[in-house]
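Q: All residue numbers for the sequence shown refer to our numbering, where the first residue is 33 and numbers rise by one. We treat Cβ as the ideally placed atom computed from N, Cα and C, and that holds for glycine.
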Amino acid sequence: MRYSSQARSCARLARGASITALIAAGALAGAGSAFAQTATTTPEPTTAQADGTDPTDPTANEDVDIVVTGFRASLENAVAEKKNRDQVVESISAEDIGKLPDASIAESIARLPGLTSQRVSGRSNSISIRGFAPDFSTTLLNGREQTSTGDNRAVEYDQYPAEIMSQVVVYKTGQANLVGQGLSGTVDLRTVRPLEYGRQAISIGARGTYADLGKLNAGSRDKGYRVSGTYIDQFADDTIGIALSANYLDEPYQIQEFNAWGYAGFNGQGVIGGSKSYVTSTRLKRLGLSGTLQYKPVDNLTVTVDGFYSDFNDDQLKRGIELPLGYGQDFNQADKPNGVKLTGTTANSDGFVTSGTFGNVEGVVRNDAFERKAKLYAFGYNMAWRGDDGWNATLDASYSRTDREEIILESYAGTGYGQNVGAKDTIAFTSGKTGTRFSPTLNYSDPNLILLTDPLGWGNTNLQAGYFNDRKVQDRIAQYRFEVEKELDGFFGAVKAGLNYTDRDKSLAPAEALLALSGGLRSLRIPDQYVKEPTSLDYLGLGPMLSYDPRDLLAGGVYQLNPNTSPDVPAKAFRIEEDLMTMYVQADIHQDVGSSVLTGNVGVQAVATEQKSSGLIAANQVLSPVTRGADYWDLMPSLNLSLRMPGDWVIRAGAARQVQRPRLDDMRVALGFGYNPQEGLITGGGGNPSLRPIRSNSFDLTLEKYFGRAGYIAAQGFYKDLKSYVYNQTLPFDYFAFPTPTGTPAGTPTLGRVDRPINGEGGSIYGVELAATLPLNTFVSFLDGFGLTGGGSWTKTQIKPDPNSPPENIPGYSKWVVNGTAYFEKWGFSARGSARYRSTFVGELSGFGGNRQRRRALDETIIDAQIGYEFPKGTTLEGLSLFVQGQNLTDERFATVDPAYDLAVIDYQSYGRRFLAGASFRF
C-alpha cells in the first residue's frame, strides 16, 4: 500500500468539494485503498479524512513514500476504516487478492473487539456480537440482506468462501440509511469492485489440510484441499471492469464426542443417567463463485451487476454406543430384577458419583448418517448517479435464495429385539472433568452378537430399527431500494432520503419415517458385504464397535422406510412471509469546531411490517391449514457524532433505536407435540405469529487515539436498554382436541404442557470494550515489523429469561471476551500467533430432528499460528507466497455442563489440531 503527499492533499480538499472531486481524490490515492471499497448500499465513510490522515496535523504536507503490504496493510486498511467512519465499526481487509487473514470468515470476524464465535463440528460458523446470540445480528452481502442456510435468520459463515471477500465491516451502532441492521450489530461482507480497484490482477492459490485426530471412521479422510482463483481487469479506458472469483473446498473434520443424557438421582446423589457418545467424521465440500461487472459510460454514472453462488455439501458419519444407565429401565428398583443396577459406587463431597458399576445394561449400537446440502444464490444490480450539481441518486435491486435439504438417518443395533431379550452388559465407569469412561464386558464389534434390530423397543408396536428425518428449507429475499441525496454547504454537508422494500419468504417442510427391516424381520445379522472396519471408541474405554453405513443398507433393500403418519410431523412445518417497507431520511454533519472537526449524522428510519405464518393446527382430532399474522410500525431515530481533534484523537457518541425481528421458528403458527416418556405426559411447543421485534434504546461512547495510519487505541462503552424481549413461556395445555401422538400409552391424560414464545418486558445489557492495533516501531524504532492487535470486552446482562424470573445469561452471552494477535512482517517473511478467549456462555446445539438445545458451555481459549514468506520483486519467484498455519494448537475442547454438579459434563467434544500448508501466486 503506497501513500504520498498528493493523496493527503486530495483528501483534505475533498472536505469541501463535490462528490466528483472526492472520486478523483480517491483515484489518486487508489493504491492506498485497494480493498477499502465502499459497498453500494451501506453508509460511506466520512470525507473528513479520506486516507486516514489527521486533518489537523501540520506535518501532513511532507512527502512520504512508504510501501506496506500483507497483514500490516490489512491492519492499516482496518484502522483507516474505523477512523473514517462516524459509526462505531470494526473491520477486516484482505491482505491481498483472495486472502483474508484467516482461513474462514468467521475466524477472522471472531478476532474483532467485542465479537466471538461458537464452534460447530470444529468450525466457527456463527458470530456473537456484544454478548448477544447470532440471531440478534444481521449479515449483508455488499450491503444487501441475505438468506440463511439455517432454520432462522442468522447466517452460517462457512457458506461464504474467505477467498472471494475483500473486506468485512461490522457496524455496532445504528444509522438511518443502514437498511436491514441488527440489534447487536450488522456484518457487511464485501466483494471487490473492479473499477475502484483500478488495475489488473490475476491470482491463484491452493492449500492442503491435515486433521491430526486421523481417520476416526472407516471411509473417512484426514487430509483435504482448497483451490481458488481470482481475475480482475478494466477495459475501454477504464469504463468497464470485471472481477471473477472461484473457490472449491474439500476438507475433513473429525470429532471425538462424549455426551450424557443427563444425571439421575441415586440415594440423594447424582449419577450419569446415560450416554450417547460418537466419533464423527465430516467431509465438507463447497463450490463458491463470485462475479462483478461494472460499467461507467460517463463520469457521473456507474452501473454494477454482481452475483454469488455457493454449492455446499456437509456429509457426516456418526458412530457410537448409546447406554441407558441411571435413566435406564427400572433403575435400581429392588422388585425389578431385570432393571439396571448400580453397585460399588464412590462419590465426592459434592454428592456426585464418580465411579461404580452398572449391571443389566442394554446398549444400542448407533451408525448414523447426516447429509446437509445447500445452494445459495445472490444477485444484485446497482445504478449510482453522482451529479455535478450536488444531486446524487442510487437505485439498487437484489435477490437472494437458499435451497437446503437436511437428511438425518439413524440406525440401531443390539443384542436382541426389545428389552430383556438379548445379552446384557456389566459396565464399570469413572466420571470426571472430561466426561465418563467405561469398561464393558461385551464385544460391541462382534457381528454375531450385534444385530440390526430395535434393541429397546422404541417403536412400541412398530419395529423401529432406526429413524429417518428429511427437512427441506427454502428461503427467499427480494429487495428494492432507491435513495436520493443533495450535497449542501454548512453544518449539514448532505441530506439523503430513501425507500426500501424487502419481501422475504421462508418455509420448512419435514418428512419423517421409521426405519424398519425389510420383510417384517425383527432382527437381522448384518450382511457381510456391508460390514466395515470396526470403529475405535477407545477414548471412551468402550473398545471397537460394529460399523456400517446405513445409507448403503437402505439403498440395498435391507431397510425400508415406513412413513411416520403421526399428525405431529406435518405440524412442524411452517411458512413465514414478511413484507417490510422502510423509509428513511438522514442529514450528514460536517462542521469545523475550532481546531477540531465535528462529523456525523442524524436521521430516522420508519419500518412498516406485515408478517404472516402458515401451517397446521388441530381441532377435533383433525389438522387444518391456517394463516395468521400481524401488522405494525417501528420508528427508529439515530444520532452519530465524531469529534476529530488535534493529535489524532476522536471522540464518538451514538444513540439509536434498534430492533431485531423474532426468530423465524418462533413465529410459526403450527404446534408440534408428542409423548414425553420421561415425564409420562404430552408436551409440545409452537410459535407465535403475532410476535413483535425485540426493541432497544442503544447508546455508545468511545474514545480513540490514532497513531497516523498504522495504529490506534480505543475505549468503547455501550448500553442497550431493551424495551421488549421474546420469552418462552411454559403453560398447561389440554391436547384433547388434538390427534394422539404416536407411541402414547393408553390412559395418558390429555392435559399436558406447551412452550410458546411471548413478548414481554426486556432488561439491559451493557459493557466496555478495549481495542488496539499497535505497530511497535511507533514506540521503539528497532522493533520495526513487530506489532500487536486485539481487544477485550466485559459485558453485563440484566435480561430475564421470563418475566417472573431473575436476570440470567442469554444465549451467546460471555461476560469476558479477549483476543489478540502478535505479529512480525518484514523482508517478505511473516509470522503471527493468535489467541481467542471467551468465558462461559449458553450455547445452542442441534438435537434430535434438528431441534435446538441450549446448554451451559465452559470457557475456552483457542490458539492459532501462521508463518509465511513472499518472494520479493525482481526475483525469479516474484509473486509467489507460501504459508503454513496451525489451528487449535492446544486441542481446546468444547464442553457443556449440568450446573447441578461440578463434574456433571453433558458434552465434551475434541476437534484435534488442524494444519494447513499452501501457496498463492499473483501474476
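Need the endpoints of the beta strand (DSSP E) that F856 sits in, please.
A: Against the sequence shown, residue 856 aligns to sequence position 824. From DSSP, the beta strand (DSSP E) with F856 extends over 848–858.
Q: Go ahead and pull the three-state DSSP assignment for A61.
A: Counting from 1 along the sequence shown, the entry for residue 61 is found at position 29. Here the model assigns A61 a pLDDT of 32, short of 50, so the residue's position is not dependable, and the following value carries that caveat. Of the three classes helix, strand and coil, the one that applies to A61 here is coil, per DSSP.
Q: What span of residues does the alpha helix (DSSP H) with G230 cover, start to end?
A: Along the sequence shown, one-based indexing puts residue 230 at 198. From DSSP, G230 is part of no alpha helix (DSSP H); its letter is neither H nor E.
Q: So, under 8 Å CB-CB, S198 and V219 are touching, yes? Tell me the CB distance rounded to an integer number of Å.
A: Locating residue 198 in the sequence shown gives position 166, where the first residue counts as 1. Locating residue 219 in the sequence shown gives position 187, where the first residue counts as 1. S198 to V219, Cβ: 14 Å. No contact.
Q: Between which two residues does the alpha helix (DSSP H) carrying K905 extend?
A: Within the sequence shown, numbered from 1, the residue matching residue 905 stands at position 873. Where K905 is concerned, there is no enclosing alpha helix (DSSP H), given that its DSSP letter is neither H nor E.
Q: In this structure, what does DSSP give as the bridge partners for Q348?
A: Indexing the sequence shown from 1 puts residue 348 at position 316. Residue pairing of Q348 in beta bridges, as defined by DSSP: T314, F402.
Q: Ends of the beta strand (DSSP E) at N708?
A: Working through the sequence shown from its first residue, we reach residue 708 at position 676. Element bounds for N708: 703–708.
Q: How should K328 be labelled, buried or exposed, when 16 other C-beta atoms within 10 angstroms of its C-beta is the threshold for buried?
A: Taking the first residue of the sequence shown as position 1, residue 328 is located at position 296. Of the residues assessed, K328 falls on the buried side of the cut-off, its CB having 16 or more other CB atoms within 10 angstroms.
Q: Skipping 5 residues on each side, what residues in its chain have a beta carbon closer than 6 Å to that of G376?
A: To locate residue 376, count along the sequence shown from 1; it is residue 344. Hits under 6 Å: G388, T389.
Q: CA-CA distance, Q365 and K373?
A: By 1-based counting over the sequence shown, the position of residue 365 is 333. By 1-based counting over the sequence shown, the position of residue 373 is 341. For Q365 and K373, the gap between their C-alpha atoms comes out near 8 Å.
Q: Could you tell me whether the Cβ atoms of L630 and I683 are closer together than 7 Å?
A: As a working note, residue 630 is residue 598 in the sequence shown. As a working note, residue 683 is residue 651 in the sequence shown. In this structure, I683 does not lie closer than 7 Å to L630 by Cβ.
Q: Counting Cβ pairs, one atom from each stretch, are 3 or more of them under 8 Å apart for the segment 920–930 and the segment 890–899?
A: Counting Cβ pairs under 8 Å, three or more are found: they touch.
Q: With DSSP run on the structure shown, which of helix, strand or coil describes F814?
A: Your numbering for residue 814 matches position 782 in the sequence shown. F814 falls in the helix class under three-state DSSP.
Q: Roughly how many angstroms lie between the CA atoms of I831 and S756, to the nearest whole one?
A: Your numbering for residue 831 matches position 799 in the sequence shown. Your numbering for residue 756 matches position 724 in the sequence shown. Using only the alpha carbons, I get a separation of about 10 Å.
Q: Specify the secondary structure class of R185 as computed by DSSP and reduced to three states.
A: For the purposes of this step, residue 185 is taken as the residue at position 153 of the sequence shown. It is coil, neither helix nor strand.
Q: Span of the alpha helix (DSSP H) holding D584?
A: Here residue 584 is taken as the residue at index 552 of the sequence shown, counted from 1. Counting along the chain, the alpha helix (DSSP H) containing D584 begins and ends at 582–587.
Q: Could you work out which residue in L585, L820, L890 is closest to R104 when comparing CA atoms only?
A: In the sequence shown, residue 104 corresponds to position 72, counting from 1. Nearest option by C-alpha distance: L820.
Q: Leaving aside the five residues before and after S65 along the sequence, list all residues of the same chain whose C-beta is less than 6 Å from its C-beta, in chain order.
A: Looking up residue 65 in the sequence shown gives position 33. Confidence is the limiting factor: at S65 the pLDDT is only 33, short of 50, which leaves the residue's position unreliable, though a coordinate-based value still follows. Taken in chain order, the list of residues that qualify is empty.
Q: Report buried or exposed for F523, applying the criterion of at least 16 other Cβ atoms within 10 angstroms of its Cβ.
A: One-based indexing of the sequence shown puts residue 523 at position 491. Exposed: under 16 other Cβ atoms inside 10 Å.
Q: Can you list, in chain order, the stretches of the alpha helix (DSSP H) that have 4 or more residues and sit fully within the segment 462–537?
A: none
Q: Buried or exposed: which applies to Q710, given that a residue is buried once 16 or more other Cβ atoms fall within 10 Å of its Cβ?
A: In the sequence shown, counting from the first residue as 1, residue 710 sits at position 678. Q710 should be labelled exposed.
Q: For the putative contact between P75 and N209, defined by C-beta atoms under 8 Å, what is the C-beta separation to the nearest angstrom?
A: Walking along the sequence shown from the start, residue 75 turns up at place 43. Walking along the sequence shown from the start, residue 209 turns up at place 177. Right, their Cβ atoms sit about 6 Å apart.
Q: Along the chain, where does the alpha helix (DSSP H) that runs through K115 open and close?
A: Residue 115 sits at position 83 when you count from the first residue of the sequence shown. In the DSSP assignment, K115 falls within the alpha helix (DSSP H) that extends over 102–116.
Q: Quick check on DSSP: helix, strand or coil for G306?
A: As a first step, residue 306 is located in the sequence shown; it is residue number 274 there, counting from the start. If DSSP states are grouped into helix, strand and coil, G306 belongs with the strands.
Q: Considering only C-alpha positions, which residue in the set R945, I274, D367, G302 is nearest to S322?
A: Start at 1 with the first residue of the sequence shown, and residue 322 comes out as number 290. Closest by alpha carbon: I274.
Q: Could you compute how far the alpha carbon of F470 sits from the alpha carbon of F461?
A: By one-based count along the sequence shown, residue 470 stands at place 438. By one-based count along the sequence shown, residue 461 stands at place 429. Straight-line Cα distance between these residues: approximately 4 Å.
Q: Answer with buried or exposed for E793, where buried requires no fewer than 16 other C-beta atoms within 10 angstroms of its C-beta.
A: On the sequence shown, residue 793 is found 761 positions in, with the first residue counted as 1. E793 should be labelled exposed.
Q: Any idea what DSSP makes of F168, helix, strand or coil?
A: On the sequence shown, residue 168 is found 136 positions in, with the first residue counted as 1. Helix.
Q: Taking buried to mean at least 16 other C-beta atoms within 10 Å of its own C-beta, is Q511 buried or exposed?
A: By one-based count along the sequence shown, residue 511 stands at place 479. Counting Cβ neighbours within 10 Å, Q511 comes out buried, since at least 16 surround it.
Q: Would F926 and T810 be called neighbours here (beta carbons separated by less than 7 Å)?
A: The residue you call residue 926 lines up with position 894 of the sequence shown. The residue you call residue 810 lines up with position 778 of the sequence shown. It is not a contact, given that the beta carbons lie outside the stated cut-off.
Q: Excluding the five sequence neighbours on either side, which residues of its own chain have a C-beta within less than 8 Å of the C-beta of E289, listed in chain order?
A: Numbered from its first residue, the sequence shown carries residue 289 at position 257. Taken in chain order, the residues that qualify are S309, Y310, V311, T312, G352, D939, Y940, Q941, S942.
Q: So which of P678, G448, G146 has the shortest CA-CA distance to V625?
A: Locating residue 625 in the sequence shown gives position 593, where the first residue counts as 1. Answer by Cα proximity: P678.
Q: Whole angstroms are fine: how far does the CA of A619 sit from the CA of Y533?
A: As a first step, residue 533 is located in the sequence shown; it is residue number 501 there, counting from the start. As a first step, residue 619 is located in the sequence shown; it is residue number 587 there, counting from the start. Cα-Cα distance, rounded: 21 Å.
Q: Along the alpha helix (DSSP H) that carries S140, what are the first and last residues, could you check?
A: In the sequence shown, the residue the question calls residue 140 occupies position 108. Run containing S140: 137–141, per the alpha helix (DSSP H) assignment.
Q: Residue range of the beta strand (DSSP E) that Y738 falls in?
A: In the sequence shown, the residue the question calls residue 738 occupies position 706. It spans 726–739 - the beta strand (DSSP E) in which Y738 sits, taken as one unbroken run.
Q: Could you spell out where the beta strand (DSSP E) holding L147 opens and where it closes?
A: Reading the sequence shown from its first residue, position 115 is the one you call residue 147. Start and end: 147–152.
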